[in-house]
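Input: a single structure, listed below in structure tokens.
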Amino acid sequence: MPQDEAKSLNLPNRIDMNRLELISHSPEQTQKLGVRIGELALAGDIFLLVGALGTGKTCLTQGIAWGLNIKEYALSPSFVIVRELYGRLPLYHIDLYRLDHIEEIAELGLDDYLYGNGVCVVEWAEKGLDILPAEHLLIQINYLSDNERSFQLKPNGKRYIEIATQL
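First residue of the sequence shown? That's 1 in UniProt numbering, and the numbers climb one at a time after it.
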């Protein structure tokens with residue numbers, strides 16, 4: 001996806017300092033949102049994705065990867081827990097879906113990723129909110145219809161408010 005397209009998302013939105021809501025009408029719009037997030041991403045950024053199966057977490061992550069100039073496809077890391085992809089910055093794509101207890105998440109040793117020199121995207125982040133960094137951009141994805149999704153972005157920290165206001 002050309003990055004220039006991502007700069008004009010044309011997604012309906014509402015924003016305040018605590019929350020930004022965007023509506024995507026297609027997987028392509030979801031990817032465009034991801035591209036824009038990836039373009040804005042800096043080393044150390046953490047994006048926490050929350051949503052039911054099939055709501056578009058991996059689709060959004062693919063866009064983030066493209067925004068980081070990553071050419072590979074961002075496959076879901078459900079079975080391997082972490083996939084590393086490399087572009088302008090490393091992308092650490094983490095999936096907590098198969099983990100049932102917070103102790104399992106703590107034992108994974110994710111600190112090298114979460115506090116490293118790359119960008120972290122954590123799917124099923126609600127399973128680890130108690131141990132994940134306090135400063136992050138939480139993205140709640142809700143199913144509206146076959147092609148429509150609601151994205152509620154909740155920035156936690158100054159850096160993430162900056163990102164939200166640039167979308």
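Think of the CB as a built atom: it goes at the ideal place given N, C-alpha and C, for glycine as much as any other residue.
Using CA coordinates, which residue listed in the options is at the minimum distance from residue i?
i	options	result
L137	L49, L144, N69	L49
L129	D112, F47, S78, G56	F47
G56	N156, Y86, S145, K158	S145
H93	E107, C120, F79	C120
A65	E39, D45, S78, L20	E39
L91	T58, T30, D100	T58
What does DSSP give as the partner residue(s) for residue i in the beta ladder?
i	result
L49	E123, I139
P155	L137
S150	I23, N142
So residue i is in the alpha helix (DSSP H); what residue range does that whole segment cover?
i	result
I23	No alpha helix (DSSP H) contains I23, which is instead part of the beta strand (DSSP E) from 20-24.
D95	Run containing D95: none in the alpha helix (DSSP H); it sits in the beta strand (DSSP E), 90-95.
V35	27-40
Y73	Taken as a continuous stretch (DSSP letters only), Y73 belongs to no alpha helix (DSSP H), as it is neither H nor E.
D112	111-114
T55	Neither: T55 is in no alpha helix (DSSP H) and is coded neither H nor E.
Compare the beta carbon distance of residue i and residue j with 8 Å and say whether it is the shorter of the two.
i	j	result
E126	D95	no
L68	A43	no
I37	I161	no
L85	A74	yes
L22	G63	no
I81	L108	yes
E135	R98	no
N147	S26	yes
L20	L167	yes
S105	G87	Checking the sequence, you will find Ile at residue 105 rather than Ser. Result no, Cβ atoms of I105 and G87 do not sit closer than 8 Å.
What are the boundary residues of the beta strand (DSSP E) that includes residue i?
i	result
L85	82-86
Taking 7 Å as the cut-off, does the CB of residue i come closer than this to any heavy atom belonging to the ligand GDP?
i	result
G38	Absence of the ligand GDP from the depicted structure is noted, as is the absence of any ligand whatsoever, leaving it without description.
Q: Inspect the CB distances between the region 149-159 and the region 126-140 and report whether three or more fall short of 8 Å.
A: A contact is defined here as three or more CB-CB pairs under 8 Å, and the region 149-159 meets this definition with respect to the region 126-140.
Q) Taking three-plus beta-carbon pairs below 8 Å as touching, is the region 110-120 in contact with the region 51-61? A) no
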